[in-house]
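Colleague: Here the protein sequences come in this chain order: A and B. In terms of numbering that gives the first Met the number 0, the first sequence opens at residue 0 and continues consecutively. In terms of numbering that gives the first Met the number 0, the second sequence opens at residue 0 and continues consecutively. By construction, the Cβ of each residue, glycine as well, lies at the ideal position given by its N, Cα and C atoms. Computed from a predicted structure; not experimentally measured.
Protein chains: 2
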Amino acid sequence: MNRFLRLSVGILLSLLSYQSLAKDITVGSDAELKKAIAQAKAGDNIVLKDGTYRDIQIEFFAEGTKEKPIVLRAQTPGNVFIEGQSNLQLGGSYLVVQDLHFRNGYTPSKALIRFKIDDDKIAFHSKVTNIVIEEFTQADREVTDQWIQFWGQHNELSHSYIAGKSNFGPTVMVMLKGNQHVNNHHQIINNHFGPRPRKGGPHGETMQIGDSSTSMTPSYTNVENNYFERCNGEVEIISSKSNFNSFKNNVFFESEGSLVLRHGNYATIDGNVFIGDGESKFYGGIRVINTGHWVTNNYFYKLKGEEFRAPIAVMNGIPKAPMNRYNQVTDAVVAYNTWIDSPTPWYFSVGYNVDNSDVLPKSEIRSARPVRTIFANNLIYNAETAHKPIFNYDKVDGITFKNNISNHENKSEVTSDGLTKQAFSMTKVSDYLYVPTENQSDVYHGFDFAKIKTDLFGNPRSDNNSVGATVNPVPDNASLIDTANYGTSWFTAKQPISQATTHKVATTAELMSKLKVAASGDVIELTAANYSVDQALSVDKEITLVSANKANKSTLNFSSNKTAFLMLPKGNLTLDSVIIKGNQQQHGFATLDKNMSKAYNLTLKNAEVRDFDAVLSVSKGSFADAITVEDSLIQNNQHGFLLNQETNDKGDYNAEFVTIRNTTFKQIAGTIVDFHRGGYDESTIGGVLTFSGNTVSDSGKSSADNILIKNRGIVNVELSNNQFINNPVKLIAILWGEKGQKPVNNEIKNSGKVEIVQNLKLKLMY
Amino acid sequence: MNRFLRLSVGILLSLLSYQSLAKDITVGSDAELKKAIAQAKAGDNIVLKDGTYRDIQIEFFAEGTKEKPIVLRAQTPGNVFIEGQSNLQLGGSYLVVQDLHFRNGYTPSKALIRFKIDDDKIAFHSKVTNIVIEEFTQADREVTDQWIQFWGQHNELSHSYIAGKSNFGPTVMVMLKGNQHVNNHHQIINNHFGPRPRKGGPHGETMQIGDSSTSMTPSYTNVENNYFERCNGEVEIISSKSNFNSFKNNVFFESEGSLVLRHGNYATIDGNVFIGDGESKFYGGIRVINTGHWVTNNYFYKLKGEEFRAPIAVMNGIPKAPMNRYNQVTDAVVAYNTWIDSPTPWYFSVGYNVDNSDVLPKSEIRSARPVRTIFANNLIYNAETAHKPIFNYDKVDGITFKNNISNHENKSEVTSDGLTKQAFSMTKVSDYLYVPTENQSDVYHGFDFAKIKTDLFGNPRSDNNSVGATVNPVPDNASLIDTANYGTSWFTAKQPISQATTHKVATTAELMSKLKVAASGDVIELTAANYSVDQALSVDKEITLVSANKANKSTLNFSSNKTAFLMLPKGNLTLDSVIIKGNQQQHGFATLDKNMSKAYNLTLKNAEVRDFDAVLSVSKGSFADAITVEDSLIQNNQHGFLLNQETNDKGDYNAEFVTIRNTTFKQIAGTIVDFHRGGYDESTIGGVLTFSGNTVSDSGKSSADNILIKNRGIVNVELSNNQFINNPVKLIAILWGEKGQKPVNNEIKNSGKVEIVQNLKLKLMY
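#1: Can you tell me whether DSSP reads leucine 759/A as helix, strand or coil?
#2: Is it a yes or a no for the segment 210-221 of chain B touching the segment 236-244 of chain B, going by three-plus beta-carbon pairs under 8 Å?
#3: Alpha carbons only, please: which of Thr663/B, Asn758/B, Gly699/B, Val370/B is nearest the one belonging to asparagine 720/B?
#4: At 9 Å on the CB atoms, spell out the chain A contacts of arginine 766/B, in chain order.
#5: Taking the alpha-carbon positions, what's the valine 131/A to proline 459/A distance?
#6: Start and end of the beta strand (DSSP E) containing serine 245/A?
#7: Please confirm if the segment 650-663 of chain B is in contact with the segment 686-706 of chain B, defined as three or more CB-CB distances below 8 Å between the two stretches.
#8: Starting from the C-beta of asparagine 355/A, find all residues in its chain whose C-beta is less than 6 Å away, skip the five residues before and the five after it, and write them out in chain order.
#9: Mind pulling the chain B residues with CB within less than 9 Å of glycine 291/A?
#10: Do we get a CB-CB distance below 8 Å when we pair alanine 320/B with the residues of chain A?
#11: If you follow the beta strand (DSSP E) that valine 222/A is part of, which residue opens it and which one closes it?
#12: Could you tell me which chain A residues have their CB closer than 8 Å to the CB of serine 362/B, listed as they occur along the chain?
#13: Mapping the DSSP letters down to three states, classify glutamine 38/B as helix, strand or coil.
#14: Quickly, what does DSSP pair methionine 425/B with across the bridge? List them, please.
#15: Compare the beta carbon distance of arginine 368/A and asparagine 315/A with 8 Å and say whether it is the shorter of the two.
#16: Starting from glycine 91/B, follow its DSSP beta bridges and name the residues at the other end.
#17: Can you check whether the C-beta of phenylalanine 299/A is within less than 8 Å of a C-beta belonging to chain B?
#18: From Thr51/A, Glu363/A, Tyr93/A, pick the residue whose C-alpha is nearest to that of glycine 77/A; which is it?
#19: Verify the CB distance criterion: does alanine 264/A have a CB-CB separation below 8 Å to chain B?
#20: Quick one: give me the first and last residue of the beta strand (DSSP E) that methionine 566/B is part of.
#21: Between alanine 37/B and leucine 89/B, which are expected to be in contact by the criterion C-beta below 8 Å, what is the C-beta distance as a whole number of angstroms?
#22: Reducing DSSP to helix, strand and coil, say where aspartate 139/A ends up.
#23: Cutting at 8 Å between CB atoms, please list the residues of its own chain near phenylalanine 390/A, excluding the five before and the five after it.
#24: By the three-class DSSP mapping on this structure, what secondary structure does glutamate 746/A have?
#25: How long is the line joining the alpha carbons of glycine 203/B and asparagine 352/A, rounded to whole angstroms?
#26: Going by DSSP, what residue range makes up the alpha helix (DSSP H) through glutamate 66/B?
#27: Counting only the same chain and skipping the five closest in sequence on each side, list residues whose C-beta sits under 6 Å from that of phenylalanine 114/A.
#28: Tell me which same chain residues have a C-beta within less than 8 Å of the C-beta of threonine 426/A, skipping the five on either side of it?
#29: Given a threshold of 16 other Cβ atoms within 10 Å of its Cβ, counted over all protein chains shown, does proline 474/B qualify as buried or as exposed?
#30: Can you name the start and end residues of the beta strand (DSSP E) that serine 157/B belongs to?
#31: Could you tell me if aspartate 777/B is buried or exposed, where buried requires 16 or more neighbouring beta carbons within 10 angstroms of its beta carbon?
#32: Pick helix, strand or coil for lysine 709/B, following the three-state DSSP scheme.
#33: Among the candidates Tyr160/B, Arg197/B, Glu58/B, whose CA atom is the shortest distance from the CA of leucine 99/B?
#34: So, for glutamate 22/A: in the same chain, excluding its five sequence neighbours on each side, which residues have a beta-carbon less than 6 Å away from its beta-carbon?
#35: Mind checking arginine 2/B: buried by the 16 CB within 10 Å criterion, or exposed?
#36: What distance in whole Å lies between the Cβ atoms of glycine 587/A and leucine 615/A, which are believed to be in contact at a cut-off of 8 Å?
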């Protein structure tokens, strides 16, 4: 028998012996599943019959082996649905769960999938793969949970599609407390993290590895080859809070946040791709805090983020920082990265706040500049003129620049021989991917740089080295986003319907009926002049109400004491050229009192809202992604837009974008807008209020605080080109100077004034 | 040619080729050495001719290879002396320095031996071996230096004898700031760390690995097989301040301090030996702070230390501690250790100071108890009854006890099924070494305990396991202190002379002459009744002055205005049954004004000290190890004992032990004792004042503070069995209640009172 034959026979024999022991156990109920798990032996396959399982809480405790794992899987991938109040816990060794689809429900516990049953039943060497979790989110956004909670060691989440978490808590969390959970070497690979909506407050990370108490803990979690698509939960898409984690070859596509090295040290961030749109300031890159990180071979495209959301933000630390705050950046290496069409890619001393010493305690002042940090062999290319590659909030005296090149002159405040203008051209290879036409081979050899062996595509740097993330020749098929890499083999996320139906309604009954049956995205056209409505109209999908004749708007007269339009989770209502009228008792728009599990949207275009109590009244825990009012008239209401229920000072707020333009406010008794965000927090966009081109008159007479517009704690406020005429208030608004807020070109007549407070004293959250 | 022959010829050839390239370059001067270094090639030996080299500052920069290091060595080990203002710096790779003897001098820089020349010339893979550093200490104790300063990676200090550092600064320091210095894998092995005297303030560590800013830095320094003999510098013999350090098989012999895991995590402390004398409370063991340490196979003998110096002290942490303070203990494993004749080996929540909230800021309050920590398979044996194995300052709710045994019942406040009384007997194997006569094989198998593969002597635990540090059978020749393991091959530390000479002196001239020529340890016997001295008598060695007739004491009359006895570094003076008299202008005893490089001692027995300005006046930076006064008369002096010059509030003080017993103080105008220690510090014994059985009268009338005894900041104070009669003061003393100070059995007549302050407000040092 020759060697090949011997080997083959050996494999065959071992396969046979494996087959002879392994069993397929098909189960169709909770009870059968429990029994199968209880009896499972190494090598067994537990097969869930196709169908929907509601309110099922699986404790998968078993002991497989490396060669003979125990598998729990769907009969047909994608045909087993887990719904209702369900969850899954794993404990033991060498377990595999695959092919399940979680939807229409939420976990009754703190974790949907947990690699631990209890402290004596922890999972090791186990994986969850090829699953889908789709909007399996708590009914109440304020309830905290996590979808995948890692414990133990050597566990894996792979090839899964996970999207739509809108409540408190990171989507994926790695727990590190306890020797069983450190040095975990978990693999989070080849997943597609689909859209996570804006949360309007902290704790909306897509992934968090450890917490502020594990900054000294070795983790070795590997996050590789994942696709983060529009993960907009908060400023941290990934929050790394432990040591020796690795982030490789992930794609961050139009995601409103950054990969943040929040706590912990010695991360490897290699070969990742960050894609923006050249416009939004919310898409971030990498934020560096702490010690010893290596940021190499990353590719940044069309990013315009600033400060915390800069393409690369190197922060200032707090001297002798408390465990849960910001350590100084030391010994970081940022080398061989490429920035394309990102005019100001490098931000230094981000978070500098020495100016705020009057409102912050000493233990919060970030005055420790980065030191012993090197930026080398990086490439910056901008098609349009860009003379400010560096933005610095503090002196830059601890960064060494070596052999970085840009195609424009550096006219930043900080200059260095280590960042020079070079004439080089770029070649487009595929979508988003540009590489230098020729290698820029004058590279710097820093300490341990030899360990940067390859480029973004795995090309060796030993022969043809080049500044930037890529070395020529790049592979023929080089592509930044290879969708085959990410997610399951069997699931494709739904695309929004592109074809909307228009329903014409001439009577109230028709209106009510069509509102119920219309598909999300549909339009309801009002053909009559008047409609009389004696109940609340609930909106739980995308609906546009539009008058057939925009010049002669239809009127909806609301006669009951109930809210006119009740906004439900995912409700997205546009009133286009419509008049709504109340009886002074009810609100124009309101949210559910609780269980606002997801965000809603409200748009008024060329509309009129009159004779209501409040125009908009919301509940705590509710969140509007956007409230947009344009070319409208808001008249004779007791209150305007009240987005002021998140008062627990934890950084949450009730809406992200509030845009009011070219609109007339008349005879509003109280405040016309009350938009509140409390607590010192830096995790979010922080709210955006645009109030521009409006006319406000005869309003505010019964505002308790003698103020027309309340915007306390909102980070982004524009107040421009408005007219305030004859409003009996002391103040129009108080703006926050530190955030660059200032009134622009407003006409104020007999209406008090705009005040500016430079530093706002906010309650510390920790 | 058979395989063996081939191999041998191969070795021979490679040796020949090595020899043919390697050169011996013999040098005899600084200039020759410089030249030799500049020209050194891999494989070269630079040989320093026998002799003494003064004021030589060596920069050994060269590039050896693993196979061909470059060696700098003595012609004859032990016959090359480095003296004066000298130092040694290494830079490059694969260097060896060996066989040198540093003495009679000090470094003019911050480090005597430094593994770095400058930031571009750092040493890697280099070692210093078989050297001696003997009291190569700064003239001024307040000048800071370090004797061996590690930089770079893979360097070694081995087989060396290092003793007698008495100034500020750790003896051995490992520097970790910068990527070139992390993951260093330095080896500190087989050294003999001889006596380091008490420092009387912080910064007297024998070894420090990192600092408070490197608590997150991987170090991997290995400290193995070293002998720490009477390393008394401060409370931390070794201060580990980085991650993944390893301490193995070291012996700590009667050393006043502990191996302290001060900052950093995941240390391995395995197979170390701590030997006390069953009496001193200053000999410590291991102090645990932070996360993930494994303390295994250690052997503790006759330790009576408490609190910070407990045989094992598990501390409380500060919640969200600042970087330079105390983190909570989590995930520590203390397993398979043995404690012999150490009645209370386990101290929990050491450093608990919630009671001090009135004098300390919140960021200093250690309220976070240890959690997720396991004590398992430990053995406690006490020949005498010992019912309190556990001392707890706080609730013990985060420690799991499993399979620990003691030969006495546990009547501590904390009890557990995991610590039980067992009847077992012990067998003496060799000096200090006792092992259970039979294995105690009921052991607990905790998470990852399988990695504790061997016992204290390297015996496997797989076959015959046992609770405690040893598994039977122990090797026949098992010994805890194998002196052949430690220090150089050529040097033996001097032993004090055991045979003292007595010199009789009848005249002042003879007295002066003998004082000069006497050897340290000698006795000078005063045969005349009176001696008239018109100059200061300097004492730089151990000398006893004794009256020939103790019942009829001799008198030394000091007539000049200079101090009677001037104490020099290492001066150790005993006056036995002698009277010294001044002229009210000069001091009885004083130190040098500066350059008190080492400690001095002063003993008065049955002596009289009268008619001086101050009895004792010291300089800042001076330090007395012990001031002892017994059965003496102190009369008619302006001031008593003034040990009050360390006023910079950094935790330093002027004497360790001040003992005054059965002595009469009369007509002392100012304070009779002023013993000061300023600043909040926990690194030292903190001073010991024993004032017992004395009579004090007619004193204190011109004390500025209206107080007889000043002892501010001194940690250990005994005030007992004294009589205070007719002293015109408000206070006798202010005692520090928190430290257990209280007056005992004193008679107070017309002399004010003793006040107790519970918590002393001291200046924070950091």
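Modeller: The relevant details are as follows:
#1: coil
#2: Of all C-beta pairs linking the segment 210-221 of chain B to the segment 236-244 of chain B, three or more are shorter than 8 Å, placing the two stretches in contact.
#3: The residue with the shortest Cα to Cα distance from asparagine 720/B is Thr663/B.
#4: With chain B represented from 0 up to 765, any question about residue 766/B goes unanswered, as that position is not in the structure.
#5: 36 Å
#6: 245-247
#7: Touching, yes, given that three or more Cβ pairs across the two stretches are closer than 8 Å.
#8: Asn758
#9: Neighbours of glycine 291/A on chain B, chain order: Asn178, Val181, Met215, Thr216, Pro217.
#10: Using a Cβ-Cβ cut-off of 8 Å, alanine 320/B counts as an interface residue toward chain A, since at least one Cβ of chain A sits closer than that to its own.
#11: That run of the beta strand (DSSP E) goes 221-223.
#12: Per Cβ cutoff of 8 Å: Pro321, Ser362.
#13: Helix.
#14: Pro435/B
#15: yes
#16: In the DSSP assignment, glycine 91/B is bridged to Ala61/B, Ala122/B.
#17: no
#18: Thr51/A
#19: The question names alanine, yet the displayed sequence has asparagine at residue 264/A. By this cut-off, asparagine 264/A is an interface position.
#20: 564-566
#21: 15 Å between Cβ atoms; not a contact.
#22: coil
#23: Glu305, Ala309, Thr343, Trp345, Tyr346, Phe347, Ser411
#24: strand
#25: The C-alpha of asparagine 352/A is placed about 38 Å away from the C-alpha of glycine 203/B.
#26: Element bounds for glutamate 66/B: n/a, residue is neither H nor E.
#27: Leu89, Ala122, Phe149, Trp150, Gly151, Asn154
#28: Taken in chain order, the residues that qualify are Tyr433, Val434, Pro435, Thr436.
#29: exposed
#30: 155-157
#31: A question about residue 777/B goes unanswered here, because the residues of chain B that appear run from 0 up to 765.
#32: strand
#33: Tyr160/B
#34: The question names glutamate, yet the displayed sequence has lysine at residue 22/A. The residues are Asp43.
#35: Model confidence at arginine 2/B stands at a pLDDT of 47, short of 50, so the residue's coordinates are unreliable and nothing is read from them.
#36: 6 Å
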